[in-house]
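*Asks:* Would you mind keeping the following structure in view while I ask a few things?
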Amino acid sequence: QKEVEQDPGPLSVPEGAIVSLNCTYSNSAFQYFMWYRQYSRKGPELLMYTYSSGNKEDGRFTAQVDKSSKYISLFIRDSQPSDSATYLCAMSGSSAGGTSYGKLTFGQGTILTVHP
Amino acid sequence: SAVISQKPSRDICQRGTSLTIQCQVDSQVTMMFWYRQQPGQSLTLIATANQGSEATYESGFVIDKFPISRPNLTFSTLTVSNMSPEDSSIYLCSVEVGGGRTEAFFGQGTRLTVV
Chain A
24 QKEVEQDPGP
34 LSVPEGAIVS
44 LNCTYSNSAF
54 QYFMWYRQYS
64 RKGPELLMYT
74 YSSGNKEDGR
84 FTAQVDKSSK
94 YISLFIRDSQ
104 PSDSATYLCA
114 MSGSSAGGTS
124 YGKLTFGQGT
134 ILTVHP
Chain R
424 SAVISQKPSR
434 DICQRGTSLT
444 IQCQVDSQVT
454 MMFWYRQQPG
464 QSLTLIATAN
474 QGSEATYESG
484 FVIDKFPISR
494 PNLTFSTLTV
504 SNMSPEDSSI
514 YLCSVEVGGG
524 RTEAFFGQGT
534 RLTVV
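These protein sequence lines are chains A and R, in that order. For the first sequence, my numbering gives the first residue as 24, with consecutive numbering after it. For the second sequence, my numbering gives the first residue as 424, with consecutive numbering after it.
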């Protein structure tokens with residue numbers, strides 16, 4: 024079993040739809056949760072990061088973390104064709120060597136297409 | 424955020440040769456990371472590079488194959504040695520900004536094709 028599981032999609036939605044992307048994880052040491060957006064032939068771009076359980080909103084994007092269920096989500100409201108990309112969840116946490124925020128474990132990525 | 428520049432952006436190499444990828448950051452960072460993204464796959468951590476110490480490699484990756492240098496707080500290199508077609512991937516540099524911030528930022532990646 025992988026430490027981080029992400030619905031691979033692909034996901035195709037009409038413009039204006041609400042998109043829900045999800046990841047589950049098994050490692051209780053994960054404390055920091057991130058969502059990256061990756062356009063074709065580009066590096067991952069950080070969209071959202073959260074630490075505690077709850078919601079965090081930034082414009083059309085909302086990140087949700089439920090540590091008790093080991094489940095995180097990213098919601099995109101009023102989706103646009105420019106949102107078409109691969110969305111990666113990523114997590115980091117404590118290990119024997121201490122906490123390294125940048126040492127990330129990624130999900131498989133969800134390919135999202137928003138069509139006009 | 425940190426601005427990360429990787430060179431080269433892409434390359435096509437002959438099997439058996441080596442390629443060194445450079446990563447330059449616009450600010451001093453404590454920790455730098457190298458990831459691999461194989462075709463159609465997600466990112467896998469290769470190693471962590473701290474300035475002034477040996478890189479720490481993840482399971483499945485060894486120093487002889489992926490030697491890393493970290494000569495200062497803004498620069499690192501990853502060498503892919505004795506390449507085979509299975510090494511064809513995107514190699515990405517990432518940094519942890521530090522200073523209490525928990526975000527990690529990525530460069531644009533180096534797209535490597537081994538023929």
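For glycine and all other residues, C-beta sits at the position ideal for the given N, C-alpha and C.
Give me whichever residues DSSP pairs with R:Phe484 in a beta bridge.
*Replies:* Residue mapping note: residue 484 of chain R aligns to position 61 of the second sequence, counting from 1. None; R:Phe484 has no bridge partner.
*Asks:* Should A:Ser92 be labelled buried (16 or more other beta-carbon atoms within 10 Å of its own) or exposed?
*Replies:* As a first step, residue 92 of chain A must be located in the first sequence, where it is residue number 69. Exposed, because fewer than 16 other Cβ atoms sit within 10 Å of the Cβ of A:Ser92.
*Asks:* What first and last residue would you give for the beta strand (DSSP E) that runs through A:Gly77?
*Replies:* Position 54 of the first sequence, counting from 1, holds the residue named residue 77 of chain A. A:Gly77 -> beta strand (DSSP E) spans 77–81.
*Asks:* In whole angstroms, give me the CA-to-CA distance for A:Glu26 and A:Cys112.
*Replies:* Counting from 1 along the first sequence, the entry for residue 26 of chain A is found at position 3. Counting from 1 along the first sequence, the entry for residue 112 of chain A is found at position 89. Roughly 12 Å separates the two Cα atoms.
*Asks:* Report the option in A:Gly125, A:Tyr94, A:Lys79 whose CA atom is closest to the CA atom of R:Thr467.
*Replies:* One-based indexing of the second sequence puts residue 467 of chain R at position 44. When each option's Cα is compared against that of R:Thr467, the closest is A:Gly125.
*Asks:* Using a cut-off of 7 Å between C-beta atoms, extract the partners of A:Gly125 located in chain R.
*Replies:* Taking the first residue of the first sequence as position 1, residue 125 of chain A is located at position 102. By Cβ distance, chain R contributes Met454, Phe456, Ser517, Val518, Glu519, Ala527.
*Asks:* Under a three-way DSSP split, which group does R:Ser492 fall into?
*Replies:* Start at 1 with the first residue of the second sequence, and residue 492 of chain R comes out as number 69. DSSP places R:Ser492 in strand when its eight states are reduced to three.
*Asks:* How many Å lie between R:Val448 and A:Glu68 at the Cα?
*Replies:* Along the second sequence, one-based indexing puts residue 448 of chain R at 25. Along the first sequence, one-based indexing puts residue 68 of chain A at 45. Roughly 16 Å between the two C-alpha positions.
*Asks:* Report the residue from A:Gln54, A:Asp30, A:Gln24, A:Ser35 whose alpha carbon sits nearest the alpha carbon of A:Ser107.
*Replies:* The residue labelled residue 107 of chain A in the question sits at position 84 within the first sequence. Nearest option by C-alpha distance: A:Ser35.
*Asks:* Under the DSSP definition of a beta bridge, which residues are partnered with R:Ala369?
*Replies:* Lying before the first or after the last residue shown, residue 369 of chain R is absent from chain R, which here runs from 424 to 538.
*Asks:* Can you round the beta-carbon distance between A:Tyr74 and A:Tyr48 to whole angstroms, since I take them to be within the 8 Å contact cut?
*Replies:* Position 51 of the first sequence, counted from the first residue, corresponds to residue 74 of chain A. Position 25 of the first sequence, counted from the first residue, corresponds to residue 48 of chain A. Between A:Tyr48 and A:Tyr74 the Cβ distance is about 15 Å, and since that is not below 8 Å, they are no contact.
*Asks:* Contact between the stretch 470–489 of chain R and the stretch 130–137 of chain A: three or more CB pairs below 8 Å?
*Replies:* The stretch 470–489 of chain R is not in contact with the stretch 130–137 of chain A.
*Asks:* Can a CB atom of chain R be found closer than 8 Å to the CB of A:Gly130?
*Replies:* Stepping through the first sequence from its first residue, residue 130 of chain A is reached at position 107. So, interface residue.
*Asks:* From which residue to which residue does the beta strand (DSSP E) around A:Lys25 run?
*Replies:* In the first sequence, the residue the question calls residue 25 of chain A occupies position 2. Careful: A:Lys25 lies outside any beta strand (DSSP E) and carries neither H nor E.
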